[in-house]
Amino acid sequence: MRADRVFIFGMDCMAPQLVFEQWRHELPNLARLAGGGAWGELRSTDPPITVPAWTAMMTSKDPGTLGFYGFRNRKSYDYDELYFANASYVKEKTLWQLLSRNRKTSVVLGVPQTYPPKPLNGTLVGCFLTPDKGTSYTYPDEVKYELDRLAEGDYIIDVKDFRTEDKDALLEHIYTMTRRRFMVVRDWVKTKDWDFFMFVEMGVDRIHHAFWRYHDVNHRLYEKGHKLEFAIRDYYKYVDEQIGTVLALIPKDTQIWVVSDHGARTMAGAVCVNEFFMREGLLTLKDKPAKPTKLKTSNIDWSKTVCWGEGGYYSRIFMNVKGREPQGIIEPGDYEKKRDMIKAKLEALGDEKGNPIGTVAHKPEDLYRTVNNVAPDLIVYFGDLAWRSAGSVGMDALHVFENDTGPDDANHAKEGMFILSGPGVVPGKREGTRIYDVAPTVLSTLGLPVPEDMIGKVIE
Amino acid sequence: MEPRVTLKIPRPLYRRLSQLIEGTGFASVTEFAVYILRDIVAHQKGDIESALSAQEVEAIRKRLKSMGYL
């Protein structure tokens, strides 16, 4: 496979079962690309979350090597607040940095974990982690004015007011964001010089999280005939059409990708991980709140605490180890025994009726080549990601179904999707493709050497 | 922005770099040199500094929480 140019459509959270099965006949542009190319599931990172997944894709390095395990990470073994792993923390080379060094030009638009922007040979627009548009979120800086000019006067970094009950307004806002981003893409694909062009659309992820209950017959809140029943399908059709308009502008010999960083699945509910630890006597608070409250480490009685957890689409568990944490109580010699005990308890925890849900608690050293910086002691997928993790305390329950920590319609699935089309690509379904395989394949396509420390392999 | 400083490099190297950047999107040797130097600095190990202010961190935290990431 060789091509002079590579174009990647990054669709955050695009689900393989929807593209390749359920709506196969309703997405003509994706179907045409897949029909003439390689396609299949793309195994995401552990955890399958936007950060670190896109950076893992762009560096072909696992989260352990990258040294971040989610959006927020521990800086040290102190009990401080977690820090955000933005682009400043990415120390491994991304695809466009390798290409810049080889004097190839890139356009990088909205790829997660690219704020604050780093220089490259080309143009970069920072991701949805940009705090606001007053900051320098593009490289070169003046590109941000061009963005607004091309995008109806207001380029949208990410949806605002995601928690609104006004679903119609939210839906319209997602469409506006996507429409404007594609306007920029259509212009830049013609007017910018590029060997590599990548943009990531966040709308797919946002629409899943906000509208999955209307779409999935297996969601507990599904109502047949609801006016939003086809909101996700119609948006997929819109995105497919928009992709079609860009494809019409891309030179013929270009290698084209459509990729997602993870998939989507119905969310059953949330497991209150810290409530569970309190009931098991593993976590003690100084003051037990009467209503749902964020767990603050300043409210933890460390002399009586073995472990605590973080909320999110998956859970991270931290243990309180003597000589490691400031007021640790687990003897270092007991660490493995205690960790296995916590793992076994979490994996045995069922749903609200006690039925098994298939929770898996991973040890980081089993997942990654190396474990840099401060990793969680356990990385937990409740119900194999059918359940999210609620970190709040004062919940008075182990399971919640409507909570204040975020929308609960969809969770992430470990399998994202990919389509790869272009000169020399042998058509057909591929099995076992991993997110780490994207960067080596792109380098090889452009005739550049694949660094030996990349985890992935070139897709054949 | 702080005023820039001047670095001196050998002229043959400058000529070689001028050839190297032809058709690459780098408008000048200076632009290319700044890119390469920043790239090296960005990959230095050591204390990692966040470029974000406390207010920016809070804005991002709120957004991520509302979207269910946290």
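Chains as they are written, first to last, in the working numbering: chain P, 1 to 460; chain G, 461 to 530.
Where a beta carbon is used, it is the ideal one built from N, C-alpha and C, also for glycine.
None of the values given here were measured: they were computed from a predicted structure.
Assumed close pair residue i, residue j - CB separation to whole angstroms, cut-off 8 Å
i	j	result
ALA439(P)	SER60(P)	4 Å
SER392(P)	PRO292(P)	5 Å
HIS262(P)	ALA38(P)	That belief does not hold up - the Cβ atoms of HIS262(P) and ALA38(P) are roughly 19 Å apart, past 8 Å.
ALA151(P)	MET198(P)	Their Cβ separation, rounded to whole angstroms, is 18 Å, which puts ALA151(P) and MET198(P) out of contact at 8 Å.
VAL108(P)	ARG186(P)	The pair is not a contact, with the Cβ atoms about 17 Å apart (cut-off 8 Å).
ILE435(P)	MET14(P)	Not confirmed; about 13 Å, so no contact.
MET267(P)	TRP387(P)	7 Å
LYS322(P)	GLU331(P)	6 Å
LEU129(P)	THR138(P)	That belief does not hold up - the Cβ atoms of LEU129(P) and THR138(P) are roughly 14 Å apart, past 8 Å.
PRO116(P)	ASN86(P)	7 Å
GLU241(P)	GLY10(P)	Going by Cβ atoms, the distance from GLU241(P) to GLY10(P) rounds to 18 Å, so no, they are not a contact pair.
ARG103(P)	THR484(G)	4 Å
LEU398(P)	CYS307(P)	With 8 Å as the limit, LEU398(P) and CYS307(P) do not qualify as a contact, their Cβ atoms being about 16 Å apart.
Identity of the residues DSSP links to residue i by a beta bridge
i	result
GLY10(P)	VAL200(P), VAL259(P)
TRP54(P)	Note: TRP54(P) sits in no beta bridge, so no partner.
ALA413(P)	GLY263(P)
ILE317(P)	GLY309(P), LEU378(P)
SER88(P)	Answer is none; SER88(P) lacks a bridge partner.
SER421(P)	ILE256(P)
GLY428(P)	ALA38(P)
TYR83(P)	ASN73(P)
LEU285(P)	ILE300(P)
Range covered by the beta strand (DSSP E) that runs through residue i
i	result
ARG388(P)	387-390
THR123(P)	122-125
Three-state secondary structure assigned by DSSP to residue i
i	result
HIS226(P)	coil
SER136(P)	coil
ILE520(G)	helix
THR245(P)	helix
HIS40(P)	What sits at residue 40(P) in the sequence shown is Gly, not His. It is a strand residue.
ALA3(P)	coil
ASN73(P)	strand
THR484(G)	coil
PRO472(G)	helix
SER444(P)	helix
VAL438(P)	helix
ILE207(P)	helix
TYR368(P)	coil
ALA290(P)	coil
HIS215(P)	helix
GLY269(P)	strand
ILE330(P)	strand
ALA397(P)	coil
ARG233(P)	helix
TYR469(P)	This structure does not reach residue 469(P), given that chain P is present from 1 up to 460, and the question cannot be answered.
VAL501(G)	helix
ALA151(P)	coil
VAL159(P)	coil
ASP453(P)	coil
ILE496(G)	helix
ASN373(P)	coil
TYR531(G)	As displayed, chain G neither begins before 461 nor continues past 530, which places residue 531(G) out of reach and without an answer.
MET514(G)	The amino acid at residue 514(G) is misidentified as Met; the sequence shows Ala. If DSSP states are grouped into helix, strand and coil, ALA514(G) belongs with the helices.
ASN355(P)	coil
GLU21(P)	helix
PHE277(P)	helix
ARG32(P)	helix
SER60(P)	coil
PRO16(P)	helix
Near the ligand GDP: residue i beta-carbon under 8 Å from a heavy atom
i	result
ASP340(P)	In the structure on display, the ligand GDP does not appear, and there are no ligands present to speak of.
The alpha helix (DSSP H) enclosing residue i, as first and last residue numbers
i	result
GLY323(P)	Element bounds for GLY323(P): n/a, residue is neither H nor E.
HIS173(P)	167-191
LEU109(P)	Here LEU109(P) belongs to no alpha helix (DSSP H); instead the beta strand (DSSP E) covers 106-109.
ALA361(P)	First-last for ALA361(P): 360-362, but that is the beta strand (DSSP E), not the alpha helix (DSSP H).
ARG101(P)	95-101
MET341(P)	335-348
GLY64(P)	63-66
Neighbour flag for residue i against chain A, beta carbons, 9 Å
i	result
PHE276(P)	Here the protein chains are P and G, and chain A is not one of them.
Between the segment 85-105 of chain P and chain G, which residues of the former have CB atoms less than 8 Å from a CB of the latter, in chain order? ASN86, SER88, TYR89, LYS91, LYS93, GLN97, SER100, ARG101, ARG103, LYS104, THR105
Contacting positions in the segment 198-220 of chain P - beta carbon closer than 7 Å to chain G: HIS209
Residues of the segment 121-137 of chain P with a CB closer than 7 Å to any CB of chain G: list them in chain order, please. ASN121, GLY122, LEU129, PRO131, ASP132
Give the residues from the segment 151-178 of chain P that approach chain G closer than 9 Å (Cβ to any Cβ), ordered along the chain. ASP158, VAL159, LYS160, ASP161, PHE162, ARG163
Along the segment 308-320 of chain P, what residues have a CB closer than 9 Å to any CB found in chain G? GLU310, GLY311, GLY312, TYR313
Along the segment 218-247 of chain P, what residues have a CB closer than 7 Å to any CB found in chain G? none
Give me the subset of the segment 4-24 of chain P whose CB atoms are less than 9 Å from a CB atom of chain G, sorted by chain position. none
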